[in-house]
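Reminder that position 57 of the sequence shown reads as 1407 in the numbering used here, one-by-one numbering, no gaps. Where a beta carbon is used, it is the ideal one built from N, C-alpha and C, also for glycine. Following: one structure in structure tokens, then a few remarks.
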Amino acid sequence: MLAALLGVSACTPQRTDSATAIVTTHQGLPCFSVEDRPDTRHKVLALAYVQVVDASGHQAWDAQFRDGTRITPAHCITYGSRTEGMTTATPATPLAVGQRYRVIVMAPVAELPSAPQAYTASFCMTTAGPAPLATPTSAGACEGAPR
1351 MLAALLGVSA CTPQRTDSAT AIVTTHQGLP CFSVEDRPDT RHKVLALAYV
1401 QVVDASGHQA WDAQFRDGTR ITPAHCITYG SRTEGMTTAT PATPLAVGQR
1451 YRVIVMAPVA ELPSAPQAYT ASFCMTTAGP APLATPTSAG ACEGAPR
């Protein structure tokens, strides 16, 4: 009844504005993708941009993608990489060991309005062996960071 009074359908799915970005490592650098979920596994996600910001909010990298660029949970975008259909609004700066970063992957699903628009995650660069590794992390200090 209340839904009818407000002019809202009770069957309309609620939009989820963000979901989890996946941070893996490719050749010692962070590689970013979207969470593997039903609405990303079987739909076309239009990759709009990937941004990485440090703990103070300064952009470390901002890659913009033109219409037609797609991403799936099986693909990742390596930090600082250059791919076809991409322009770099902020060139990649070196990532510091022990520094915390946040990634935003904007990749809406056009045909599924209730799907997330953005995928986000925090990560930090650590020394785990000879190359720095991107490690997904929640709030708090970077694990493995020098003290």
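Own chain, CB closer than 8 Å to residue i, minus 5 neighbours either side, in chain order
{"i": "residue 1435", "result": "1415, 1416, 1418 and 1419"}
Status (buried if at least 16 other CB within 10 Å, exposed otherwise) for residue i
{"i": "residue 1437", "result": "exposed"}
Same chain only: Cβ atoms within 6 Å of residue i, ignoring 5 sequence neighbours per side
{"i": "residue 1405", "result": "1450"}
{"i": "residue 1443", "result": "1410"}
{"i": "residue 1427", "result": "1382 and 1400"}
{"i": "residue 1402", "result": "1410, 1411, 1451 and 1453"}
{"i": "residue 1445", "result": "1475"}
{"i": "residue 1468", "result": "1368, 1454 and 1456"}
Given residue i as reference, the closest of the options once Cα atoms are compared
{"i": "residue 1369", "options": "1424, 1466 and 1432", "result": "1466"}
{"i": "residue 1383", "options": "1468, 1425, 1444 and 1377", "result": "1425"}
{"i": "residue 1393", "options": "1428, 1421 and 1469", "result": "1421"}
{"i": "residue 1408", "options": "1441, 1371 and 1432", "result": "1441"}
Close-in-space but distant-in-sequence residues of the same chain around residue i (CB under 7 Å, 5 per side omitted)
{"i": "residue 1386", "result": "1423"}
{"i": "residue 1439", "result": "1412 and 1414"}
{"i": "residue 1430", "result": "1379, 1411 and 1442"}
{"i": "residue 1391", "result": "1423"}
Cβ-heavy atom distance, residue i to the ligand MN, below 7 Å
{"i": "residue 1441", "result": "Inclusion of the ligand MN in the displayed structure is not the case, the ligand content being empty and no account of it being possible."}
* **Touching by the beta-carbon criterion (3+ pairs, under 8 Å), the stretch 1448-1468 and the stretch 1387-1406** => yes
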